[in-house]
Every structure is written in structure tokens, then in C-alpha cells.
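Before any comments, here is the structure.
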Amino acid sequence: MKSMNSKYIEMQQLNKKFRVTGISSGAISGLTYGIYTTLVLLAGLYEPLISAVGLLAVPFVTSGLNDFLAGLWLLIYNGGKGRLKEIGRSLNTFPGKMVVAGALVGGPVANGAYLAGLAMAGAYAIPISATCSLFGALFAWIFLKQKPTKRVVLGMIIVVVGAITINWVKPEGSPNFTMGIICAFIAAVSWGLEGVISSYGGSMLDTDVAVNIRELVSGIVTMLIVVPLVAAFPLLVGTVKAGMPLLLLGLSGLSAAISFLCWYKANSMVGCAIGMSLNVTYAFWGVFFCVLFLGELLTPTIVAGSVIIVLGAIIVTMNPLDLIKKEG
Amino acid sequence: MLLPVRTAVLNYLYQAGEADISEIMAALRPMYGTEKQFSKKMFMEHVMSLEANGLAELKSYELNQKNELELRYQINADGRVTAEKYIPAKFRQKGGKS
Numbered sequence: 026m027k028s029m030n031s032k033y034i035e036m037q038q039l040n041k042k043f044r045v046t047g048i049s050s051g052a053i054s055g056l057t058y059g060i061y062t063t064l065v066l067l068a069g070l071y072e073p074l075i076s077a078v079g080l081l082a083v084p085f086v087t088s089g090l091n092d093f094l095a096g097l098w099l100l101i102y103n104g105g106k107g108r109l110k111e112i113g114r115s116l117n118t119f120p121g122k123m124v125v126a127g128a129l130v131g132g133p134v135a136n137g138a139y140l141a142g143l144a145m146a147g148a149y150a151i152p153i154s155a156t157c158s159l160f161g162a163l164f165a166w167i168f169l170k171q172k173p174t175k176r177v178v179l180g181m182i183i184v185v186v187g188a189i190t191i192n193w194v195k196p197e198g199s200p201n202f203t204m205g206i207i208c209a210f211i212a213a214v215s216w217g218l219e220g221v222i223s224s225y226g227g228s229m230l231d232t233d234v235a236v237n238i239r240e241l242v243s244g245i246v247t248m249l250i251v252v253p254l255v256a257a258f259p260l261l262v263g264t265v266k267a268g269m270p271l272l273l274l275g276l277s278g279l280s281a282a283i284s285f286l287c288w289y290k291a292n293s294m295v296g297c298a299i300g301m302s303l304n305v306t307y308a309f310w311g312v313f314f315c316v317l318f319l320g321e322l323l324t325p326t327i328v329a330g331s332v333i334i335v336l337g338a339i340i341v342t343m344n345p346l347d348l349i350k351k352e353g
Numbered sequence: 582m583l584l585p586v587r588t589a590v591l592n593y594l595y596q597a598g599e600a601d602i603s604e605i606m607a608a609l610r611p612m613y614g615t616e617k618q619f620s621k622k623m624f625m626e627h628v629m630s631l632e633a634n635g636l637a638e639l640k641s642y643e644l645n646q647k648n649e650l651e652l653r654y655q656i657n658a659d660g661r662v663t664a665e666k667y668i669p670a671k672f673r674q675k676g677g678k679s
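So the sequence lines, in the order shown, correspond to chains H and D. Note that the first sequence covers residues 26 to 353 in our numbering. Note that the second sequence covers residues 582 to 679 in our numbering.
Here it is in C-alpha cells:
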């Protein structure tokens with residue numbers, strides 16, 4: 026009887042540890058994505074990025090460098106854990122190839138659009154991009170035939186209300202504000218699509234390896250294909266040579282690497298719904314840090330809209346009561 | 582080329598039906614045993630993640646002589662479908678007794 030009890034207690038402790046690690050990973054992923062956002066914006070305040078011309082040049086140069094450097098950080102991490110061979114093995118499987126396809130949508134398209142949105146609409150773009158969970162649920166409905174429940178539909182409506190709230194009052198002196206918001210929506214749509222694509226069989230891959238592939242593919246494709254296409258290769262070279270912006274992008278890459286590692290880990294430990302809900306708290310952190318460190322103005326509409334979007338995103342992905350549910 | 586380790590764990594469960602972590606590690610040791618990632622902690626994470634993703638289920642658990650938990654997992658219907666869909670047949674047939 027005593028051994029029955031002790032094995033039951035050990036198992037409870039193991040389950041609790043696994044769940045706590047999953048939930049903490051999700052929370053850290055949100056915080057570090059907010060830090061990444063702020064650091065990329067900060068890098069854009071240095072030459073040659075601050076005086077670069079063209080709406081797309083800076084977003085693609087910064088997202089390409091950021092993702093590539095994140096990929097390098099992850100190579101160091103996975104190398105330390107003895108998992109470098111896993112990268113080739115994973116790429117050799119169909120789910121690994123789907124991770125690459127997801128990276129192409131989520132990297133050059135979504136990250137580029139997200140940073141373009143930030144450049145044009147400032148911190149307002151952050152909560153708009155958090156509507157990705159809404160699009161993830163929509164695409165899962167269309168492509169995976171996963172019909173949304175009433176709760177999901179309610180969450181979707183709340184997210185849309187939040188997005189409208191944010192746009193209700195445009196900040197003064199932002200001529201490209203609406204374009205920035207549209208870019209943030211493109212990012213959200215693409216991230217939603219990335220989630221659906223990379224979930225094809227992705228559950229049987231080591232998430233730390235999948236994230237490494239994602240960041241490297243995204244960074245290399247953005248720098249070698251997209252950056253030359255928008256005629257920004259000289260800006261890329263100038264940014265690398267300038268020092269300070271490269272250092273900041275190295276730190277933002279580290280934050281992004283930690284964020285993605287934790288997000289994927291949370292998804293695979295406590296399920297995609299809870300993982301995604303905790304991840305979207307980056308909208309809070311992103312706005313918070315931008316107000317704190319970059320002097321962004323905090324208006325009542327952005328505060329109300331951010332809160333509404335995050336609440337809606339949480340309701341889309343999970344029943345909020347599950348977060349406080351007691352372990353059975 | 583070998584399968585990624587987590588996929589190989591699912592593949593072993595597909596072949597064996599059910600197994601504990603020590604059995605899985607013993608079966609995969611000839612292929613992956615020299616790698617730094619080959620540790621009980623990592624295999625615990627692999628099987629628990631497969632469980633969290635709905636591909637396997639915990640069947641039973643016991644304390645061993647060292648007072649450590651020995652977890653026994655079995656593949657479920659979704660795990661079988663996923664293995665058949667994404668693991669090439671040449672890997673699934675190796676010593677397969679599904």
C-alpha cells in the first residue's frame with residue numbers, strides 16, 4: 026500500500042513538473058517575444074537603418090538578420106545538447122519539409138510584414154498581429170476541417186472588436202498608419218497559416234530542432250532572396266558593418282530564439298491551445314516595453330484594444346478556466 | 582539516414598505496441614547510443630511530448646529498485662495513423678510486430 030502511494034505521489038509530481046514547465050515556457054515565450062520586438066525597433070534607430078529609404082528595405086534586412094542570428098544561437102544550443110545531426114535527419118522527413126514550408130510563410134512573409142507594420146504603425150501593430158490565433162483557428166477550420174466551437178467563434182468576434190478599437194483613433198503624425206495595420210494583419214494571417222502547415226506531423230519531431238530549422242531557413246531565404254529583390258543588399262551589408270545595429274539584432278535574435286524554443290516546447294507539453302494563449306501575451310509585453318523604452322504614446326484605445334485582443338485570442342485557443350484548473 | 586530520435590521513439594512504439602523508456606532506449610541504443618542527446622531525461626521528454634500531442638498514452642507506471650519511476654507507454658489510434666502516414670515503410674517494417 027505504501028509503495029502504491031509513493032509511486033502515485035512520484036507520478037503526480039512528475040506530471041505537475043511537466044505541466045509547470047510547459048506553462049512557464051509559454052509565459053517566457055510571450056515575454057521574450059516582446060523583448061525581441063523592442064530590440065528590433067531599437068536597432069532601427071541606428072544608422073544606416075534610420076535613414077534608409079523604401080518601406081520594405083528595413084523590415085526585411087532586420088528580419089533576415091534577426092532570424093539568421095537566431096538560427097545561429099539555436100545551432101550553438103542544439104550543438105551543446107548533441108543534437109546537430111537531428112537537423113539533417115528531420116529535414117529528410119516529410120514533417121521536416123513541412124517545417125521548412127511553414128518557415129517560408131512565417132519567416133520572410135510574416136516577420137517581414139510584422140516589422141513593416143511596426144515601422145509604419147508603431148506599437149499599434151503588435152496587438153493586431155496577435156490576431157494570428159484567430160486566423161490559425163480559421164485555417165484549421167478550412168483546411169483541417171476542424172469546426173470551431175461556439176467559444177472559438179465568440180473569441181474571434183472579440184478579437185475583431187479589439188482590432189477595430191485600436192484603429193478607432195489614429196495617432197497623429199503617422200501617414201502610413203493604415204498601411205502598417207494592414208501589414209500587421211498580413212503577418213497574423215501568415216502566422217496562422219504557418220501554424221497549420223507546420224503542425225502536419227510536426228508533433229513527432231523534436232521541437233528544439235524544428236525551431237532551429239525554421240529560423241535558419243527563414244533567415245537565409247530572407248537575406249539571400251528577398252533582400253536583393255527589394256534592392257536592399259547594400260543596406261544589409263551596411264548594417265552588418267555598422268556594429269551597434271548588428272549587436273542589437275544579435276540580442277533580438279537571442280530573444281526570438283528563446284521565444285520560439287519556449288513556444289514550441291509549451292505547445293508540445295501542454296497543448297497548442299494553452300501554448301498559443303500564453304504566447305500572445307507578447308502583445309502586452311511588446312506595447313509595455315515600447316512605451317517604457319521607446320517613448321511610444323499610450324492612448325486609451327491602444328490599452329483597451331490590446332486587452333480585448335489578448336482576451337479574445339485566449340478565448341479562441343482555450344477555455345480560460347483550464348489555466349486555473351486543479352490537477353486531477 | 583536515421584530517423585529523428587522522437588520519430589524513432591514513435592516508430593518503436595508502433596512496432597512494439599507498448600514499451601517502457603528503458604526498453605525503448607535499449608532498442609535504439611545501437612543506432613543513437615553514442616550521441617550526447619542519448620539520455621533518459623531526453624527520452625522521458627520524447628515520450629511525454631508524444632503523449633501531450635495525442636500520439637501515445639501512459640499505460641502504467643512503477644517505481645524501480647532505485648526508487649525511480651518507470652513509465653510504460655502504448656501507441657494509440659492517432660499515433661498509428663501518424664506513423665503510417667509519415668514514417669517511410671522501410672523503417673516501420675524493421676523488426677515490426679504491429
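Don't be surprised by glycine CBs; every beta carbon is placed ideally from N, CA and C.
Determine the direct distance from the alpha carbon of residue j to that of residue i, and round the result to whole angstroms.
i        : j        : result
D/Leu631 : D/Ala670 : 20 Å
H/Ser331 : D/Glu604 : 50 Å
H/Val262 : H/Leu116 : 30 Å
H/Ser302 : H/Val186 : 18 Å
H/Thr306 : H/Leu67  : 21 Å
H/Gly142 : H/Ala155 : 12 Å
D/Lys678 : D/Lys666 : Confidence in D/Lys678 is poor, its pLDDT being 38 and thus under 50, which makes the residue's placement unreliable; the coordinate value appears in the next sentence. Approximately 18 Å between the Cα atoms of the pair.
H/Val184 : H/Phe313 : 19 Å
D/Val590 : D/Glu651 : 16 Å
D/Met606 : D/Lys621 : 8 Å
H/Gly137 : D/Ala608 : 45 Å
D/Asn657 : H/Ser293 : 17 Å
H/Phe93  : H/Ile101 : 13 Å
D/Phe672 : D/Leu639 : 24 Å
H/Arg44  : H/Ala235 : 21 Å
H/Ile238 : H/Met229 : 15 Å
H/Phe318 : H/Gly47  : 30 Å
H/Gly353 : H/Glu219 : Interpretation of H/Gly353 is limited by its pLDDT of 37, a score under 50 that renders its predicted location unreliable; no figure is taken from the coordinates.
D/Thr663 : D/Ala633 : 14 Å
D/Thr588 : H/Thr326 : 47 Å
H/Cys208 : H/Arg114 : 35 Å
H/Gly161 : H/Gly180 : 12 Å
H/Ala213 : H/Ile34  : 43 Å
H/Phe85  : H/Lys41  : 42 Å
H/Phe258 : D/Arg653 : 54 Å
Measuring CA to CA, which of the options is closest to residue i?
i        : options                                   : result
H/Thr203 : H/Gly263, H/Met145, H/Val305 and H/Val86  : H/Met145
H/Leu254 : H/Gly227, H/Asp231, H/Ala82 and H/Ile207  : H/Ala82
D/Arg535 : D/Glu599, D/Glu649, D/Tyr593 and D/Glu638 : What is shown of chain D runs 582 to 679, which leaves residue 535 of chain D out entirely.
H/Ile189 : H/Leu323, H/Ser228, H/Ile206 and H/Trp288 : H/Ile206
D/Glu626 : H/Trp288, H/Thr232 and H/Gly320           : H/Thr232
H/Val246 : H/Ala128, H/Gly113 and H/Leu109           : H/Ala128
H/Met269 : H/Gly113, H/Phe119, H/Thr87 and H/Ala165  : H/Thr87
H/Glu111 : D/Asp601, D/Phe619, D/Ala597 and D/Ala637 : D/Phe619
H/Thr62  : H/Ile34, H/Leu260 and H/Ile151            : H/Ile151
H/Leu39  : D/Glu643, D/Gly660, D/Gly614 and D/Val662 : D/Glu643
H/Leu323 : H/Ile167, H/Gly104, H/Asn103 and H/Ala148 : H/Ala148
H/Leu286 : H/Ser243, H/Arg44, H/Ser50 and H/Met36    : H/Ser50
H/Ile211 : H/Ser284, H/Gly132, H/Ala257 and H/Tyr58  : H/Gly132
H/Gly300 : H/Ile339, H/Thr264, H/Leu70 and H/Ala329  : H/Ile339
H/Leu241 : H/Asn103, H/Leu64, H/Phe164 and H/Tyr71   : H/Asn103
D/Ile668 : H/Gly113, H/Phe119, H/Leu109 and H/Ile333 : H/Phe119
H/Met36  : D/Leu583, D/Glu616, D/Asn648 and D/Ala600 : D/Asn648
H/Met123 : H/Leu279, H/Ile222, H/Cys315 and H/Phe309 : H/Ile222
H/Arg216 : H/Val178, H/Leu249 and H/Ile153           : Here the sequence assigns Trp to residue 216 of chain H, which means Arg is not the residue at that position. For H/Trp216, the nearest C-alpha among the options comes from H/Ile153.
H/Leu56  : H/Val295, H/Gly337 and H/Leu279           : H/Leu279
H/Pro200 : H/Arg176, H/Leu80, H/Ala126 and H/Gly69   : H/Leu80
What are the partner residues of residue i, as DSSP defines its beta bridges?
i        : result
D/Ile656 : D/Ala637
D/Tyr642 : D/Leu652
D/Glu604 : DSSP output for D/Glu604 lists no bridge partner at all.
D/Glu599 : D/Gln655
Within 10 angstroms of the Cβ of residue i, are there 16 or more other Cβ atoms? Answer buried if so, exposed if not.
i        : result
H/Lys290 : buried
D/Tyr596 : Reading the sequence as shown, one finds Gln at residue 596 of chain D and not Tyr. Answer is buried; the Cβ neighbour count reaches 16.
D/Asn645 : exposed
H/Lys351 : With a pLDDT of only 48 at H/Lys351, under 50, the local geometry of the prediction cannot be trusted, and the value read off the model is given with reservation. H/Lys351 comes out exposed.
H/Glu321 : buried
H/Ala256 : exposed
H/Ser243 : buried
If you check the beta carbons only, do residue i and residue j fall under 8 Å apart?
i        : j        : result
H/Gly89  : H/Val252 : yes
H/Ser54  : H/Trp288 : yes
H/Ser284 : H/Val65  : no
H/Leu140 : H/Ala282 : no
H/Val335 : H/Phe309 : yes
H/Tyr71  : H/Ala267 : yes
H/Asn91  : H/Leu274 : yes
D/Gly635 : D/Asp659 : yes
H/Gly69  : H/Ile75  : yes
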